[in-house]
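Numbering (our numbering), first residue to last: -13 to 256.
Glycine included, each C-beta is placed from N, C-alpha and C at the ideal position.
Note that this is a predicted model, so its numbers are computed, not measured.
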Amino acid sequence: MKIFQQINATPSTHPLKFSLETARFLKKYFYVSAITVIILNLIWGVFPYFSKLFFDSLSQPNIQQTYTAAFVMLAAIFLAHLFNAIYDIVATKLWGLTKYQARKDILSYIAKHPHGFYSNHASGKLGAQVMETARSTELAFFYLQHFGPLCINLGASFFIAINTNGYFGFAMVLWSILIALYANAKIRRIGNLARKSQKLNNDLFGKIVDFISNISLVKYFGIYPLELSKLKAFATKQANVKATVEYIKIRFIYFTYFFYTDRQLQTWHP
């Protein structure tokens, strides 16, 4: 696949793309890790449903139904721990091997291009981050590990809201889509400000690349929110003011949105 291949035989300066490039000889490990993470998300996402079946069965006179529900719930727990163990083993080996491959790729590139970007910045901030590619590989799975359950939980919230109050449920879905589009536009805006302010040609280039690659919609919806202090490290004074304003807008909408929906769900949920 193209996502695993280097462009013009040059290591990417984007941490996520670079981590995928270093896994080009380790696709089996990558796919196994990704699949196990997805399965884990699905199991833990539907586990509350299994629990509900079990506790509902306790109020029924049919003991066989209770045993079945208990078996399903315990089986889900067992499978979750099994896949989690598989993921830990495979992903740990993947991170170690990609880290080794990253060093090998960079050193090989530097030997062939003594005046290239990595040759001039190998000991700089980007070089230090690139050499620790295990961190970038972990970041690639971060989206699966955290964004997956978030989507499942959000979907469950939509289901509850629609079943409780159809008008509110529809409005909640529509509002979420608008929030996602708005937040995505602001994320791009902040990234463009940082790129423009630094012009991609100075010592902070590595920081900017890492900054942009770490911005995700997930963070603006409550998981590992980006602190305002980080913006100051990646933009000049002029751009920093604009970036800070954009960030505050996103966070304000996030808090307003989730505070309002939580209050409504508490009101309408039986």
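Beta-carbon proximity list for residue i, same chain, < 8 Å, skipping 5 on both sides
| i | result |
| --- | --- |
| Val76 | Tyr15, Val18, Ser19, Thr22 |
| Gln46 | Thr52 |
| Leu60 | none |
| Leu164 | none |
CB of residue i within 8 Å of CB of residue j, strictly
| i | j | result |
| --- | --- | --- |
| Leu26 | Ala66 | yes |
| Leu6 | Ile24 | no |
| Tyr95 | Pro(-3) | yes |
| Thr52 | Leu44 | yes |
| Asn33 | Val58 | Residue identity check: residue 33 is Phe in the sequence provided, not Asn. It is not a contact, given that the beta carbons lie outside the stated cut-off. |
| Leu259 | Leu93 | The shown model of the chain, from -13 to 256, leaves out residue 259, and the question about it has no answer. |
| Ala62 | Ile29 | yes |
Cβ shell of residue i (< 7 Å), same chain only, five flanking positions each side left out
| i | result |
| --- | --- |
| Asn70 | Leu26 |
| Leu160 | none |
| Leu68 | none |
| Tyr153 | none |
For residue i: DSSP bridge partner residues
| i | result |
| --- | --- |
| Ile(-7) | Thr(-4) |
Buried/exposed call for residue i, threshold 16 Cβ in 10 Å
| i | result |
| --- | --- |
| Phe41 | exposed |
| Ala(-5) | exposed |
| Ile49 | exposed |
| Lys98 | exposed |
| Lys90 | exposed |
| Tyr73 | buried |
| Asp196 | In this predicted model, Asp196 has a pLDDT of only 43, less than 50, meaning its place in the structure is not dependable; the value taken from the coordinates is given anyway. With 16 or more other Cβ atoms within 10 Å, it is buried. |
Own chain partners of residue i with C-beta closer than 6 Å, once the 5 adjacent residues on each side are dropped
| i | result |
| --- | --- |
| Gln(-8) | Glu7 |
| Ala9 | Phe16, Thr84 |
| Gly208 | Its pLDDT being 38, under 50, Gly208 is placed unreliably in this model, and the value from its coordinates should be taken loosely. Cβ within range, chain order: n/a, list empty. |
heavy atom of the ligand ADP below 7 Å from residue i C-beta
| i | result |
| --- | --- |
| Leu80 | No copy of the ligand ADP appears in this structure; indeed no ligand is present at all. |
TODO: Enumerate, from N- to C-terminal direction, the unbroken alpha helix (DSSP H) stretches of 4 or more residues contained entirely within the segment -8 to 77.
DONE: 1 to 7, 13 to 44
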